[in-house]
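This note's numbering puts the sequence shown at residues 7 to 68. Just below is one structure, and these are the notes that go with it.
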Amino acid sequence: IDLPGAVSEQELRYVLGISTATTGKGNVPRSDVSGRPMELFMCSVLRREGYGEAFRWLSQYL
Numbered sequence: 007i008d009l010p011g012a013v014s015e016q017e018l019r020y021v022l023g024i025s026t027a028t029t030g031k032g033n034v035p036r037s038d039v040s041g042r043p044m045e046l047f048m049c050s051v052l053r054r055e056g057y058g059e060a061f062r063w064l065s066q067y068l
């Protein structure tokens, strides 16, 4: 996301084939998830964005 020409989140979801397989970025209780929780987060260490949200999402399933 911090490089010119980087793919968008929507494009990456399509290429990876996960457009309909992700859980959702909000607070989704484990009991509402059938199967394994999965989500895609666009992150940039350079801009210091995205990874905080990703770790918060992950922590709700640990």
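From the three backbone atoms N, C-alpha and C, an ideal C-beta is built for every residue, glycine too. Note that the structure is predicted; figures quoted are calculated from it, not measured.
First through last residue of the alpha helix (DSSP H) which encompasses residue i
i   : result
G58 : 57-65
L22 : 15-22
Beta-carbon gap between residue i and residue j smaller than 9 Å
i   : j   : result
G30 : E45 : yes
R19 : Y67 : no
Backbone secondary structure at residue i - three-state DSSP
i   : result
S37 : helix
S50 : strand
Cβ-Cβ separation, residue j to residue i (assumed contact under 8 Å), whole Å
i   : j   : result
L52 : D8  : 5 Å
G56 : F47 : 5 Å
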